[in-house]
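Q:
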Amino acid sequence: MIKLIYFFIFSSIFTSVITLDSIQFHKLTSRDDLTPQYLTQKLDHFNPLDTRTFQQQYYADGTHWTDHSGPVFVYICGEAPMGGPAGGFVSVLAEQNNALVLSLEHRYYGKSQPFTDYTTANLTWLTVEQELVDLAEFIQFYQKEITSNYGIEGNPFFIIGGSYSGALSAWFRLKFPHLVKGSLASSGVVNPVLEFVDFDLQIANSSGIECADVLREVVQKIDVELDASSERNKAVKEHFDATTVDDGSFRYYIADAMSLPVQYSKHSAVCDPMIKAKNDGSDLILAFADYCKDFFFKVMKTTAVQYSDDYMKITKTDTTGKAIAQRTWWWQKCSQLAYFQIAPQTNPIRSPKITLDWHKQKCSTVYGSGIWPNTQAIIDEFGSNEIKGTNIFFTNGANDPWQWCAVRHHLGISEQAHVIQGDEDHDSGHCIDLHTPKEDDPPDLQFARAQISTFVYQWIHA
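Residue numbering for the sequence shown is 1 to 462, as defined by full-length UniProt numbering.
1) Kindly identify the DSSP beta-bridge partner or partners of G412.
2) Have a look at Q96 and N155 and give me their C-alpha separation to the nearest angstrom.
3) Are the segment 177-190 and the segment 148-166 touching by the rule of at least three beta carbon pairs closer than 8 Å?
4) Strictly by DSSP, which residues pair up with T40?
5) Is it buried or exposed, R173, if we count other Cβ atoms within 10 angstroms and call 16 or more buried?
6) Would you tell me roughly how many angstroms separate the C-alpha atoms of L215 and R251, rounded to the nearest one?
7) When DSSP labels each residue in this structure, what does residue 507 get in the three-state scheme?
8) Short check: CB of K333 to CB of P373, under 8 Å?
9) Grouping DSSP H, G and I as helix and E and B as strand, with all else coil, what is G110?
10) Would you tell me roughly how many angstroms separate the C-alpha atoms of K293 and K144, rounded to the nearest one?
11) Let me know the secondary structure DSSP gives I23 once reduced to three states.
12) Go through its chain and collect everything with a Cβ distance to K181's Cβ below 6 Å, but skip five positions before and after it.
13) I need the DSSP call for T395, collapsed to helix, strand or coil.
14) Identify whether Q451 lies in helix, strand or coil by the three-state DSSP scheme.
15) Check L184 in the structure and name its three-state DSSP category.
16) On the DSSP letters alone, give me the boundaries of the alpha helix (DSSP H) that V101 sits inside.
17) By how many angstroms is the C-alpha of P442 removed from the C-alpha of S229?
18) For F115, which residues from the same chain have a beta carbon less than 6 Å from its beta carbon, with the 5 sequence-adjacent residues on both sides left out?
19) Between V218 and L284, which are expected to be in contact by the criterion C-beta below 8 Å, what is the C-beta distance as a whole number of angstroms?
20) For chain C, find out if any of its Cβ atoms is closer than 8 Å to the Cβ of V419; answer yes or no.
21) Beta-carbon separation of V52 and L43 under 8 Å?
22) Measuring alpha carbon to alpha carbon, tell me which of N347, F340, I349 ends up nearest K360.
23) Label I314 either buried or exposed according to how many other C-beta atoms from any shown protein chain fall within 10 Å of its C-beta, with 16 as the threshold for buried.
24) Mind checking which residues open and close the alpha helix (DSSP H) that includes F141?
25) On the DSSP bridge list, what partners appear for F157?
26) Hey, could you find the ends of the alpha helix (DSSP H) E225 is sitting in?
27) DSSP beta-bridge partners for F340?
28) For V193 and D67, what's the separation of their Cα atoms in angstroms?
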């Protein structure tokens, strides 16, 4: 248990709640001695008649900024509340380049809240396009701050993100190449896949045959209980403190509980106890419930209830934004980005009842009829995994299921890509390159970071 806690505290990207269905755990280790700052952003950048504004939170870390004419790194915080300024490999890059690090919270998350009531109507301005202009306004605002304070103009800016914010990083360089010298898109999910069957296929592959077979058996047994009598349905949910959760959301929760350790470079967290339970002849449902209580509930700070339709219908936020983050991220999925993880037709790990139709129903139930993503519009606007940008470095972990929404191959001399391989002792998961470097990191991870450092230096000095 201590090893699991250590892993998720020190290899994450920011303190937050659940996202990219549970992407909240790609957080960077961050320092807590800096004061958050705020800038005023327009709610609607595309309507000059709408004068409404909100306060967007950011941090400025000048620890390594020894020359005020030097570079400025902008780290995009994604679909979760921001827990502090960026750390991890971003700090290493800052030290290498004597850079200022700015961390900007995404609109509608954390303390960057335009509203206190997140009805479907009030979610209208939570879009990729609005967030990209937020970033453009922020960069121009901060350049003016530097000019005002130090009399310096034209600092080289470089933008960084991981996962969804990795996609934003690449899209920003595509749309605003005059504002940033380049982009690091770690696990950048630039392809808004509607029917994301490759997710589970990669989970099965990264788990190994024995583990994947046990996980399938768990799902099959749970499905049988859910579809039996109401008494058995309630009984199986009681093991997970989920008696109030609708069947579909409960099935989705089970799938996430199986996949997240694999996604985040720790497949042994779920595989070891479940293989042992199988070999010991233990009750697999009870064994999986124990794993969820020891890992998901305690380490990943999430419960089955947070997956329920009723929870996601909650429209009131709290002072941290945590209570609403599930609703806002699923809005982004249902309205624009999809990434719908559905069961493959053969040998699925998640329940075969998690289909595209199930996602349609969930989007409709939570947000109202007619809410459905036009993924082709995003593909047409940004180019998907054939994005035609420049000075973008794409990284992915070889064990990460999200790599199949990302760029895995070079798209040209100025669009680099590296799929990072693990080794016998280390998986290579989601946003692995952004974690704090360690001496025993796999050789290919060390090589990838060296590549990143080389290109970042070249691009900001070009």
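Cβ atoms here follow ideal geometry from the backbone N, Cα and C, with glycine treated the same way. The structure displayed is predicted, hence computed values, not measured ones.
A: In short, the structure shows the following:
1) Under DSSP, G412 takes part in a beta bridge, and its partners are E415.
2) If you draw a straight line from the Cα of Q96 to the Cα of N155, it is about 16 Å long.
3) As far as the Cβ criterion goes, the segment 177-190 touches the segment 148-166, which means the pair count is three or higher.
4) Beta-bridge pairing by DSSP links T40 to Q55.
5) R173 comes out buried.
6) Roughly 13 Å separates the two Cα atoms.
7) For the chain, the structure presents residues 1 to 462; residue 507 sits outside this window and is missing.
8) In this structure, K333 lies near P373, with their beta-carbon atoms less than 8 Å apart.
9) Looking at G110 - three-state DSSP - the assignment turns out to be coil, as it is neither helix nor strand.
10) Taking the straight line joining both Cα atoms gives about 50 Å.
11) Only weak support is given to the placement of I23: the predicted model assigns it a pLDDT of 38, under 50, and the value that follows is read from those uncertain coordinates. Helix at I23.
12) Beyond the five residues adjoining it in sequence on each side, K181 comes within less than 6 Å, by CB distance, of P156, F158, W459, I460 in the same chain, given in chain order.
13) T395 falls in the strand class under three-state DSSP.
14) Residue state, collapsed to three classes: helix.
15) Strand.
16) First-last for V101: 100-104, but that is the beta strand (DSSP E), not the alpha helix (DSSP H).
17) Pairing S229 with P442, the inter-Cα distance amounts to about 49 Å.
18) Shown here for F115: same chain residues with a beta carbon closer than 6 Å to its own, the five before and five after excluded, namely N122 in chain order.
19) Contact between V218 and L284 holds: their C-beta atoms lie close to 5 Å from each other, under 8 Å.
20) The structure shown contains no chain C, having only a single protein chain.
21) For clarity, residue 52 is Arg in the given sequence; the question names Val instead. Yes, the Cβ-Cβ distance between R52 and L43 is below 8 Å.
22) That would be F340, whose Cα lies nearest to the Cα of K360.
23) With fewer than 16 Cβ atoms within 10 Å of its Cβ, I314 is classed as exposed.
24) Taken as a continuous stretch (DSSP letters only), the alpha helix (DSSP H) holding F141 covers 128-150.
25) According to DSSP, which records beta bridges pairwise, F157 is partnered with V72.
26) Per DSSP, E225 belongs to the alpha helix (DSSP H) from 209-226.
27) F340 pairs with E195.
28) Cα to Cα, the separation comes out at about 43 Å.
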